[in-house]
Structures are given as structure tokens and as C-alpha cells.
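Student: Got a structure here, written out as C-alpha cells. Questions coming.
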Amino acid sequence: MDDIILERDDGNFTMDGIILERFDLEDRAINTCDCAPVTASSRIVGGKEVNPKYRLPYQALVYPTVPGVGSFLCGGTIVNKRYVITAAHCTDYKGATITNVKVAIGEHNTCDGVTNEGGSWISAKRVINHPNYGNHDNDIAVLELSEDITFTANIKPACLPTSATKDYSNLASTISGWGGTIGYSGAQPQQPQQCTLKESVVKVLSPTSQKCSSFLGTTTSTSKLCAWAEGTDTCQGDSGGPLTVAENGKFTLIGVVSYGAGCAASTPGIYARVQGFLPWITSLIADGECGSSGGSSTGGSTGGSTGAVESGSVQSDNYPSDYPVNQDKTYEISVAAGKKIKMTFAAFSLENAWRCGWDYLAIVDGNGKELLGKSCGSVKPATVTSQTNKVKVVFHSDYSVTSTGFKIDWVSV
């Protein structure tokens, strides 16, 4: 955080004098809540104002303050009702974690105030930088908010990837933020104030591509990814913000804005690769999952069980009648610490398609490991036993349904 600009923190938010954060090498040599649906669109260098407004309802504005030094502008992503993901360099100052962090949600235009559009400020209760953050590596942080988010049409979380190994290379991805809009490859220009949230589209690069590997110096990084498109990029002020892809009709967070050499230059932007941190993220944010407190999962509830519950079941909505169309739902099961979960399929009937491209069910362990890959058809999967005391049963249906769904009986072992 070089070239500090003093910023008064009097509770009246303006963009004047804010330090625009995104590491620049020239200067500094996973969801049970209903994820945001992808909608058509009619910072960010080379981007445009998000239209319609709130099309990216997972976008957060992150505002860390160092007393006596100043405040910084970063982005963030809502991932459930209590947690936001951002970049560690946004919440680190000279090796110390910044604890005074405020988050704005439900916002589009920052110049006319935050609350007039239905947005709100929420202070971070806890700031968790990745324990191995440093030297541009592991540039990711989790913010626990001091109060739970109330989701609306304009405020929704992004999904987290369900697979640590899925390859998103060559996909179009969305970047967004309130950061700088002037591209450069040499001296850093004075960036104009940005009032409205901007977005653009970049391509996720394969780590083995020349543009990515020559810049990163590796073709095997699991903690970073490259994205690039000519004439557009994230820039100072966009740090910590989202890189999302459309997956099953929902926005999935695959990257966190980290650093670059200039903005919209010939080199790609570098992002913390969310898939490389799934076990760490999911363990931290578990208590913010929707319906994760109270009750067992019996009867298809999204609520996880308490430690006292030793058995139960989850089933698709409407079972044994046809399950709903256009559904993305995650069922949480949790048992006492030190226990594991044994899951047996009592019933299973999902529309069959090549690679389960229509409807599917998958099971993910609490450590992020895939216990059951995408499954469909009418053959019951084999019994599954977790390695941890928590699992997520992930279910998806498309626009047509002709099957009755599933029922899973589980027991603590």
C-alpha cells in the first residue's frame, strides 16, 4: 500500500481521496444460499456500467481503514449470509492484518451515498487473511460480517466452485468494480473517480498458454489464474473483487482480483484461484450457510444437523412427485466433531443425459473433496462415507423435469 493518501473516516462515504487498490508490479516489485442467477447485460478499464443495475448482486465494496494512514478501496464477493471474500493485500498493511474494515452491499452508485439505493454498510467482525499470504501468493482473505446479510433481488451471493479440479480455461468471465478506468503499461496515471459499478468480460487463460505462463513463470500454479482480453482489465480499486463465470445459470466465483503489470496492457491480470483454496474457505464460512443453524436435514431441509442428531434424511423437493424445474439447491448435513457421515440412497431418479448435462446430484465433503461426482439416471449410486463431519449434497435441475428425484438416508459413524 504505497503512496498513501489520507482519508477522513467520518462515516460519510465519498470516493474523494480514496486509495485505489490493486497490486501493480510496477509499484510493488464454495453454497447453500440461493446464488445469483446469470441475466443478460445490455473500473474496469474498457468496461461499461453494469446494466441493468444490480445485475451482479454479489458485488461488495470493501473499505479497510488504517488509523492515521488512510482508507483503501477494494472489491469483494458475497459468498453466503455472513461472509465476503476479498484479497489479502486489501486487508494487510506492512504485515499486519487490518481489523477496521467496512463492507457496502446492494450498491451501484457510490457518489450519492450507499443507503439511498437500498444498500447498507456492515462492519467486519473478523478479518482472516490466508495464513500463507505473501509476495503476491495466496492473495485471498475472508471477512466475517458483524451481522447477517438479508438477501433481496439486489443482494445475493455468488456460488463457489464445487470441484477443485474443473478446468475453466477459455471461458468468458465477468470482472467488476469501482476501480480505475485508464489503462497503462508504464507510469501509473491519476485515475478519475468512478461513481457507478462497471463490468467487462475477459477470457480465462489456460495456465499453459504462453501469455499466462510467461508472466507467471509457471504452468502448474493451483493458487493463481490468468485472465485477459484486449483493451479491458481490472485496475487499481478493483482488488479483491470477483472474477465469475456462468455455470448452470448461476454466477460462480473462480477468481479474486490480485495484481498485474499495468492495466489493460499486453500482460494478463492475475487472480487468486478460488478452487485452490476451497477447503480453507468452506471450513471458515460454514456457519454462514443458509439454514445451517438449528434442525436436522430430515425432510429435505437445507439446515445442517446439530451435533446431537445421529441420523436423518435429505430428499428432493416434492418427493416422491417430480422435483421442481430450474432449481439449484444445496443440502447441508453435519454431525458431531470427530464423526463421519454414511449416506445411502433410498431412491434415485434424475433425468439422464450425457455427462449429466440436464439434471444432476453431487456430494462434496467438508474438506472440499468430491465424494460423488455429478450423477443422474435411475441407477442408485453406491453408499458414500465422508472423511469429515460435514457434507454438502448439491442438486441441479434444468427447465424440464420428468423424474421423481432422490432420497438419501444418512447416519453418523
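Everything in the sequence shown is counted per this note's numbering, starting at 115 for the first residue and increasing by one.
Ideal Cβ placement from N, Cα and C applies to all residues, glycine included.
None of these values were measured; they are calculated from a predicted model.
Would Cys225 be called buried (16 or more neighbouring beta carbons within 10 Å of its own) or exposed?
Tutor: Counting Cβ neighbours within 10 Å, Cys225 comes out exposed, since fewer than 16 surround it.
Student: Please state the DSSP three-state secondary structure of Ile324.
Tutor: The residue asked about is misnamed: residue 324 is Gln in this sequence, not Ile. Reduced to three states, the DSSP call for Gln324 is helix.
Student: Measuring alpha carbon to alpha carbon, tell me which of Asp253, Ala238, Gly184 ends up nearest Tyr385.
Tutor: The candidate whose alpha carbon is nearest that of Tyr385 is Asp253.
Student: Cβ atoms of Ile236 and Ile192: under 8 angstroms apart, would you say?
Tutor: Against a cut-off of 8 angstroms, the Cβ pair of Ile236 and Ile192 comes out as no contact.
Student: Straight-line CA distance for Pro151 to Val428?
Tutor: Going from the Cα of Pro151 to the Cα of Val428 covers about 24 angstroms.
Student: According to DSSP, which residues form a beta bridge with His510?
Tutor: Bridge partners of His510: Asp442, Tyr474.
Student: Give me whichever residues DSSP pairs with Leu170 in a beta bridge.
Tutor: Paired residues: none, contrary to the question.
Student: Look up Gly184 in the DSSP assignment and say whether it is helix, strand or coil.
Tutor: DSSP places Gly184 in strand when its eight states are reduced to three.
Student: How about the stretch 437 to 452 and the stretch 497 to 514: do they share at least three Cβ pairs that are nearer than 8 angstroms?
Tutor: Yes, they touch.
Student: Do Thr348 and Gly402 have their C-beta atoms closer together than 8 angstroms?
Tutor: No, these two residues do not count as a Cβ contact at 8 angstroms.
Student: With H, G and I counted as helix, E and B as strand and the rest as coil, what does DSSP make of Phe265?
Tutor: Residue state, collapsed to three classes: coil.
Student: For Gln389, which residues in the same chain have their Cβ closer than 6 angstroms to its Cβ, ignoring the five residues on either side in sequence?
Tutor: Cβ within range, chain order: Pro275, Ala278.
Student: With 16 other CB atoms within 10 Å as the buried threshold, where does Trp472 fall?
Tutor: By the neighbour-count rule (16 or more Cβ atoms within 10 Å), Trp472 is buried.
Student: Can we count Phe459 as close to the ligand ZN, meaning its CB is less than 7 angstroms from some heavy atom?
Tutor: The ligand ZN is not among the ligands present in this structure, which contains no ligands whatsoever.
Student: How is Val449 classed by DSSP in three states: helix, strand or coil?
Tutor: It is coil, neither helix nor strand.
Student: Roughly how many angstroms separate the alpha carbons of Pro178 and Val215, rounded to a whole number?
Tutor: Between Pro178 and Val215, the C-alpha separation is close to 4 angstroms.
Student: How is Thr336 classed by DSSP in three states: helix, strand or coil?
Tutor: Residue state, collapsed to three classes: coil.
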